[in-house]
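Residue numbers (UniProt numbering): 1 to 215.
Below you'll find the structure, written out as structure tokens, and then a few comments.
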């Protein structure tokens, strides 16, 4: 009998939207999955051949790329940042919509022209994506890697601009920042380990179940 398929799902904003889709695809986590006091990271489901691990969003792609999980749900921002060749993303799940944007203080934006940039210092958790974006425009980007609290960087003089996920824009506004450029629009994707997809016959039906759930 094959080892169970492991699906990596992200903690945070995407998870609440992903759970109804997973249910439509026939996968329901055990009761403990929804218990905030349950510190386990791996959970059984209603299917004996499928289990779920709950990890940080940035780690979903890593678990799948290295074959520790066969499938995962992750934002396209993570795929753009890591660009793992071992990962195949067959289904846009149509959830988790937001965008990756460049933002700067309101007073700077009032006189700033992004078309005139030749060098920028940017705080971001997406250094690879950010450099590639600016290099394509002929702009040299100096990236300061942060894992959170990006909005503080301009206020405290760490960088003049940030690159981060934006949904409503409320967090930017509350911290005196404004979007000046959209790098990419983001949505959640179902991702698959390429080697597992080729060698395991039980993965393709799961992909089709998710595709049908989205439809």
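For each residue, glycine too, the CB sits at the ideal point set by N, CA and C.
The structure displayed is predicted, hence computed values, not measured ones.
Terminal residues of the beta strand (DSSP E) in which residue i lies
{"i": "residue 198", "result": "Unbroken run through residue 198 is the alpha helix (DSSP H), 194-199; no beta strand (DSSP E)."}
Bridge-paired residues (DSSP) for residue i
{"i": "residue 102", "result": "163 and 181"}
{"i": "residue 42", "result": "53"}
{"i": "residue 217", "result": "Any question about residue 217 goes unanswered here, given that the chain covers just 1 to 215."}
{"i": "residue 75", "result": "188"}
Collapsed DSSP secondary structure at residue i in the structure displayed
{"i": "residue 139", "result": "coil"}
{"i": "residue 119", "result": "strand"}
{"i": "residue 124", "result": "strand"}
{"i": "residue 130", "result": "helix"}
{"i": "residue 111", "result": "coil"}
{"i": "residue 61", "result": "helix"}
{"i": "residue 48", "result": "coil"}
{"i": "residue 80", "result": "helix"}
{"i": "residue 34", "result": "helix"}
{"i": "residue 68", "result": "coil"}
{"i": "residue 1", "result": "Residue placement at residue 1 is flagged as unreliable, the pLDDT there being 49, under the threshold of 50; the coordinate-derived value follows with that caveat. In this structure, residue 1 counts as coil in the three-state DSSP scheme."}
CA nearest to the CA of residue i, picked from the options
{"i": "residue 117", "options": "133, 128 and 36", "result": "133"}
{"i": "residue 207", "options": "50, 11 and 35", "result": "50"}
{"i": "residue 110", "options": "94, 66, 177 and 69", "result": "177"}
{"i": "residue 209", "options": "10, 11, 130 and 20", "result": "20"}
{"i": "residue 156", "options": "119, 105 and 125", "result": "105"}
{"i": "residue 71", "options": "52, 78, 82 and 85", "result": "52"}
{"i": "residue 187", "options": "171, 89 and 119", "result": "89"}
{"i": "residue 183", "options": "174, 212, 136 and 142", "result": "136"}
{"i": "residue 223", "options": "14, 189 and 3", "result": "Because the chain is modelled from 1 through 215, residue 223 falls outside the range shown and cannot be assessed."}
{"i": "residue 181", "options": "162, 81, 194 and 196", "result": "162"}
{"i": "residue 11", "options": "36, 24, 25 and 27", "result": "36"}
{"i": "residue 77", "options": "97, 3, 28 and 54", "result": "97"}
{"i": "residue 6", "options": "24, 45 and 173", "result": "45"}
{"i": "residue 22", "options": "195, 189, 145 and 200", "result": "189"}
{"i": "residue 198", "options": "17, 40, 42 and 67", "result": "67"}
{"i": "residue 213", "options": "8, 17, 18 and 24", "result": "24"}
Opening and closing residue of the alpha helix (DSSP H) in which residue i lies
{"i": "residue 28", "result": "Counting along the chain, residue 28 falls outside any alpha helix (DSSP H), and DSSP gives it neither H nor E."}
{"i": "residue 92", "result": "Element bounds for residue 92: not the alpha helix (DSSP H) but the beta strand (DSSP E), 87-92."}
{"i": "residue 8", "result": "It is not in any alpha helix (DSSP H) - residue 8 instead sits in the beta strand (DSSP E) that spans 5-10."}
{"i": "residue 14", "result": "13-24"}
{"i": "residue 95", "result": "Premise fails: residue 95 is in no alpha helix (DSSP H) and is neither H nor E."}
{"i": "residue 211", "result": "203-214"}
{"i": "residue 172", "result": "170-174"}
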